[in-house]
Amino acid sequence: MGNGGLPVSFGKAGNYLWGNIPAFDVLNIAMNEGAAAKDQDIALCFAASGDLRNVIKTINGLPSDYTGKCTLVINDFHPLVAIRSIVLLCILLDPSGPSEEVAAEVALHALYSSKLTTAQHNFLHTLIKRIEGLDREREVGFPGQLALGSHCTLKWAYPPEVGELLTRIRAATYPMNKAEGNRRRIMLAPSRIDYRDRYYTCLRRRHRAGFAYQRETGVLLPIGQPIDSFSTVNRLLYSEDGDWLLKDNASPASAWAPLEVEATR
Numbered sequence: 000m001g002n003g004g005l006p007v008s009f010g011k012a013g014n015y016l017w018g019n020i021p022a023f024d025v026l027n028i029a030m031n032e033g034a035a036a037k038d039q040d041i042a043l044c045f046a047a048s049g050d051l052r053n054v055i056k057t058i059n060g061l062p063s064d065y066t067g068k069c070t071l072v073i074n075d076f077h078p079l080v081a082i083r084s085i086v087l088l089c090i091l092l093d094p095s096g097p098s099e100e101v102a103a104e105v106a107l108h109a110l111y112s113s114k115l116t117t118a119q120h121n122f123l124h125t126l127i128k129r130i131e132g133l134d135r136e137r138e139v140g141f142p143g144q145l146a147l148g149s150h151c152t153l154k155w156a157y158p159p160e161v162g163e164l165l166t167r168i169r170a171a172t173y174p175m176n177k178a179e180g181n182r183r184r185i186m187l188a189p190s191r192i193d194y195r196d197r198y199y200t201c202l203r204r205r206h207r208a209g210f211a212y213q214r215e216t217g218v219l220l221p222i223g224q225p226i227d228s229f230s231t232v233n234r235l236l237y238s239e240d241g242d243w244l245l246k247d248n249a250s251p252a253s254a255w256a257p258l259e260v261e262a263t264r
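Heads up: the sequence shown begins at 0 in numbering that gives the first Met the number 0, then just goes up one per residue.
Here you go:
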């Protein structure tokens with residue numbers, strides 16, 4: 000059984016949309032440069048980045064009065080990971096979008112929930128069309144650039160298959176019942192119940208309930224909070240044909256330090 004995780008994965012191989020190592024601040028300025036870093040220029044490379052948890056945690060760790068120039072290079076070989084990174088950065092950094100609180104909630108569910116509210120879906124759809132529209136004049140590859148306010152620019156240069164996949168995801172029409180059926184076939188497979196039960200034995204009672212609830216509903220929300228409004232598919236977690244892309248041992252809880260998660264209660 001190893002360290003308590005689901006020991007054998009089940010589902011589509013080669014898709015790692017959720018990290019399985021707790022996020023960490025690669026700079027940890029508080030324990031290193033300290034206040035002296037507030038006006039220093041910083042350049043970081045997140046190669047094979049996977050999801051953006053380390054990027055988010057590192058940027059949030061910068062001093063609140065930081066005035067230097069911060070340059071980030073983010074890359075991953077998986078086309079859908081690349082698309083998710085562009086979309087999530089636009090959600091979080093675009094000052095013309097919703098409030099910071101709403102943007103953070105949309106980003107959270109785009110990352111971890113299989114379903115979205117209609118408002119969240121429409122916002123994502125509009126944003127993806129905006130990103131896709133920047134690609135109209137290209138001849139080679141999938142380049143793009145967005146000015147996100149007066150102090151932030153997002154640039155990307157991906158191979159053409161990334162842009163083609165973005166178009167297919169945006170234009171996909173598979174219904175909710177197909178998507179949800181495919182998700183449950185992986186995440187709640189009867190043949191895997193023994194592995195899930197073994198994993199539960201390693202959790203506290205309240206953590207078991209939360210783990211089971213998220214797995215049952217597909218939505219990352221506290222137990223008891225209504226999910227009726229989450230009625231549209233989050234196409235950033237499915238293939239263009241509606242296949243669920245995560246393995247059944249994937250869990251949002253694996254991507255964040257347990258004590259930090261506990262501190263949000």
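We put the CB at the ideal spot given by N, CA and C, even for glycine.
Nearest in C-alpha terms to T166, of all of N19, L79, A47, is L79. Here the stretch 227-237 makes contact with the stretch 113-123; the two share three or more CB pairs at distances below 8 Å. Taking a cut-off of 8 Å on C-beta distances, the stretch 78-95 touches the stretch 233-252, as three or more cross pairs fall below it.
A Cβ-Cβ distance of about 17 Å is found for the pair L43 and L87, leaving them out of contact under the 8 Å criterion. DSSP places Q119 in the helix class (H, G or I) of the three-state scheme. Look at V80 here: in three-state DSSP terms it is helix. Taking the Cα positions, F210 is about 29 Å away from C89. Taking a 10 Å sphere around the C-beta of F122, we find 16 or more other C-beta atoms and assign the residue as buried. Going by DSSP, P257 is part of the alpha helix (DSSP H) stretching over 257-261. For T166, the enclosing alpha helix (DSSP H) starts and ends at 159-170. Cβ-Cβ distances below 6 Å link Y65 to K37 in the same chain, with the five nearest sequence neighbours on each side left out; the list follows chain order. T66 carries a coil assignment under DSSP once its states are collapsed to helix, strand and coil. In the three-state DSSP reduction, F9 falls in the coil class, being neither helix nor strand.
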